[in-house]
Amino acid sequence: MPTDSHIRIGIDTGGTFTDVVAFDESTGTMVTTKTPSTPSDPAEGFLAGVSKVLDLMGEQGTALSAISHGTTVATNQLLEGKVEQLGFITNAGYESVLEIARQSVPDGYGNSYFWVKPDRIVSREYVKGVEGRLDFEGNEIRPLDEDGARRVARWFREQGIDTLGVCLLHAYANPSHEQRLLEIIAEEHPEAVVSVSSEVLREYREYERSMTTLVDAAVKPKLSRYVNNIVRRLEEIGENIPFYVMKSNGGVLSAGEVVHQPITTVLSGPAAGALGAAMVGKIAGFDRILTCDGGGTSTDVSVVIDGEPTLTTEGSVGAFPSKIPMIDVVTVGAGGGSIAWLSNEGTLKVGPHSAGADPGPVCYARGGKDVTITDAHVVLGRIPAHLLGGEIGLDADGARKALEELAGKLGMSVEECATGILEISAWNQANALRQVTVKRGLDVRDFTLTTFGGSGSLLLCRLMDILDITTTLVPLNPGNLSAFGLLTVDVKNDYVQTQVSLHDKLDVEGTGRLYEKLTEQAAEALSHEGFATETRQFQRTADLRYFGQAFEVRVAVDEGPFDAAAAEAVAERFHDEHRALYGYDFRGNDDQQVEWVNLRVSGIGPIERPQVRAEEVVENPAITETSRRPVCFDPETGSVDTPVYWRPDLTPGTQLVGPAIIEEFGSTVPLHPGFSARIDAYRNIIVTREGADS
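Residue 23 in my numbering sits at position 21 of the sequence shown, and the numbers go up by one each step.
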């Protein structure tokens with residue numbers, strides 16, 4: 003690397019725009035920008051963003067010290083169901099594991115007679131079984147039928163199936179059969195791209211492990227092509243630029259490694275936004291945060307407690323469960339490009355379909371015909387008739403004509419129709435926020451809402467009303483917060499090993515050895531990433547449950563040697579966590595035993611984070627309006643003459659009272675009547691109800 007490398011870049015590719023934040027490590031300054039996304043080839047938008055921000059900084063590619071990227075390539079492939087033909091190899095006699103799946107019925111159906119299972123990720127004719135069995139402890143019952151394995155590998159080669167998933171029973175306890183099968187496939191079908199469960203997910207539960215392995219295989223070819231294309235083209239900008247990709251677990255991984263773990267990127271972009279919001283909120287003094295990341299296609303929400311986003315291993319992408327550690331994000335189709343449409347009954351609906359970046363909303367004047375949320379905001383005057391500080395003009399007249407047609411079908415005025423579209427969108431977002439709080443036993447009123455993304459702050463006042471939230475924080479450059487979050491992310495790898503044992507029969511020494519083995523794996527990965535021994539960090543956790551339960555609770559495991567005292571501390575912590583989550587525990591009840599299920603280790607390689615500096619807060623600083631325009635907040639009241647402010651001009655200590663519009667390069671904050679805002683020392687906008695303490 004050149005010795006003058008001092009620029010780190012975070013790039014988040016969204017459905018409409020690619021967001022870019024550059025951090026100059028030598029001066030501590032940050033530069034943000036956006037460029038239109040290129041759905042047909044996301045790499046084009048990525049590279050355009052790199053070039054644009056370097057031009058703004060007056061720098062060359064040789065100044066780049068690292069690039070971190072949040073991508074939706076894997077997410078969109080799964081959400082759109084664009085899965086290429088897969089093959090699946092499992093144990094003979096267990097070929098129907100995907101069909102059997104689980105007995106639970108998703109929320110919203112309630113009755114298995116009316117619920118139709120989603121299409122299988124692998125057609126039944128492309129599932130093949132191989133003889134051989136291990137027991138749950140990894141002991142061999144029957145050896146692997148190597149001749150049969152060769153016949154299966156050759157059959158897939160003859161059928162032209164080049165992407166395979168392999169999941170054998172109890173491979174989490176002993177990977178030997180899977181590893182031998184992998185070697186045989188390499189010999190008989192060398193062109194095949196293969197994912198094996200013992201490398202993807204070393205946990206029990208055959209269905210979830212099979213699905214997670216197949217999802218990994220499904221996204222591996224496309225993600226690998228995408229990442230390798232970027233790596234190759236980055237060589238044209240600068241030599242050997244370190245390139246990292248955001249993972250769903252809140253860490254990043256080098257491009258060379260992520261192509262071997264593609265499933266870890268399925269919630270790449272939303273995870274970066276949650277981490278950025280967590281850092282900004284903690285610095286501003288808020289320890290319980292709800293994040294609301296509004297983009298062009300969807301809105302992503304999550305919970306942050308004490309500066310840490312909550313994690314889950316029970317996530318899914320579209321119809322596909324993915325049992326990997328990921329930040330607990332709920333996504334709803336309520337982004338700026340979400341389409342308003344009429345149901346067969348003639349009622350107004352909004353989303354989840356989106357106009358995306360191309361052709362986009364009607365106001366983009368790129369051929370879009372469907373009214374979107376953005377069109378409603380433009381017609382009501384809540385956003386200006388341009389985007390990106392004037393770089394992209396909007397066709398307000400075209401949006402109004404499209405809304406007039408939709409409003410005519412509903413027998414409404416244009417303003418009533420536009421307000422109705424935004425009201426439905428606000429309730430969709432509010433329901434998602436309730437899902438990550440109320441549904442998990444949390445009171446939504448105990449949290450500060452943090453809104454970001456290009457469209458995330460447009461409905462914040464209505465969300466505060468609907469959810470009875472007292473305070474909302476809008477960070478500086480909210481449209482680029484996910485890209486900023488990428489600059490705050492450590493390298494992180496997760497390792498898991500299933501070990502089912504009752505607490506009073508736990509092999510403490512054996513458990514300690516397993517933790518040491520997992521830690522060694524994490525250390526080896528960090529070594530490959532270039533982290534010195536003294537910088538590496540390791541976090542140990544365990545999944546526990548009461549005997550007979552079908553779900554686990556994850557608790558921390560203390561550092562240091564794992565002995566009987568450490569094991570007892572984990573069990574006590576489990577009782578506490580269970581009570582916090584479900585309102586009861588069985589501490590002291592000899593009839594209800596604690597059971598250990600999974601052991602986990604996360605290896606962390608820390609990076610230097612940008613410093614967010616406080617500024618002096620001035621009492622009652624001068625405020626200058628940039629303009630005024632009619633804005634409709636309530637169709638019954640009609641449009642009101644509203645002052646417009648340019649956010650970079652608002653210094654710490656500024657106080658505003660609604661109605662007002664606060665604009666900046668990447669987003670807009672409509673401040674409704676009855677609400678007030680102040681600018682804090684970090685230039686965050688803090689919104690409260692007028693007269694309330696903030």
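Glycine residues also receive a C-beta, built at the ideal position from the N, C-alpha and C atoms.
Using the rule of at least 16 other Cβ atoms within 10 Å of the residue's Cβ for burial, across every protein chain shown, is residue i buried or exposed?
i	result
residue 263	buried
residue 449	buried
residue 486	buried
residue 5	No answer about residue 5 holds up, because its pLDDT of 45 lies below 50 and its placement is not dependable.
residue 134	buried
residue 665	buried
residue 79	buried
residue 527	buried
residue 265	buried
residue 552	exposed
residue 102	exposed
residue 91	buried
residue 3	For residue 3, the predicted model reports a pLDDT of 36, less than 50, meaning its position is unreliable; a value from the coordinates is still stated below. Looking at its Cβ environment, which holds fewer than 16 other Cβ atoms inside 10 Å, residue 3 is exposed.
residue 21	buried
residue 639	exposed
residue 377	buried
residue 349	exposed
residue 31	exposed
residue 431	buried
residue 530	exposed
Sorted by chain position, which residues of the same chain lie with C-beta nearer than 8 Å to residue i's C-beta, five sequence neighbours on each side aside?
i	result
residue 123	85, 88, 100, 213, 216, 217, 220, 322
residue 783	Coverage of the chain is limited to positions 3 through 696, which leaves residue 783 absent and any answer about it impossible.
Measuring straight from C-alpha to C-alpha, what distance separates residue i and residue j?
i	j	result
residue 358	residue 225	21 Å
residue 442	residue 583	7 Å
residue 682	residue 388	27 Å
residue 39	residue 533	33 Å
residue 661	residue 195	57 Å
residue 612	residue 259	25 Å
residue 244	residue 67	7 Å
residue 535	residue 608	12 Å
residue 95	residue 669	56 Å
residue 473	residue 289	13 Å
residue 466	residue 207	41 Å
residue 339	residue 333	15 Å
residue 165	residue 48	27 Å
residue 236	residue 446	44 Å
residue 520	residue 540	10 Å
residue 369	residue 93	52 Å
residue 230	residue 690	47 Å
Pull up the DSSP beta-bridge partners for residue i, would you.
i	result
residue 304	293
residue 311	306
residue 248	254
residue 355	Bridge partners of residue 355: none, in fact.
residue 657	680
residue 644	631
Who are the near neighbours of residue i in its chain, counting only those whose CB is closer than 6 Å to its CB and skipping five residues on each side?
i	result
residue 11	24, 69
residue 455	295, 296, 297
residue 281	490
residue 464	428
residue 597	504, 547, 549
residue 479	34
residue 311	276, 280, 304, 329
residue 580	555, 587
residue 606	492, 494, 539
residue 523	497
Comparing the C-beta of residue i with each C-beta of chain D, is any distance below 7 Å?
i	result
residue 477	Among the chains of the structure shown, chain D does not appear; only one protein chain is present.
Which residues in the same chain as residue i place their Cβ atom closer than 7 Å to its Cβ, once the five residues preceding and following it in sequence are excluded?
i	result
residue 643	630, 632
residue 646	627, 628, 629, 630, 631, 663, 665
residue 293	275, 276, 279, 303, 304, 306, 452
residue 599	500, 502, 545, 546, 547, 554
residue 139	175
residue 650	666
residue 65	6, 7, 8, 9
- Output the residue ranges of the beta strand (DSSP E) runs that lie fully inside the region 497 to 579 and measure 3 residues or longer, sorted by chain position. Runs of the beta strand (DSSP E) inside the region 497 to 579: 539 to 548, 555 to 559.
message: Ignoring anything shorter than 4 residues, give me the alpha helix (DSSP H) runs that lie fully in the region 39 to 99, in order along the chain.
response: For the region 39 to 99, whole alpha helix (DSSP H) runs of length 4 or above, ordered along the chain, are 44 to 59, 75 to 81.
_Runs of beta strand (DSSP E) wholly within the region 583 to 619 (minimum 3 residues, chain order)_ = 596 to 607
Discussion item. Going residue by residue through the region 184 to 234, where are the continuous beta strand (DSSP E) segments of at least 3 residues, counting only ones entirely within it?
Written reply: 195 to 198
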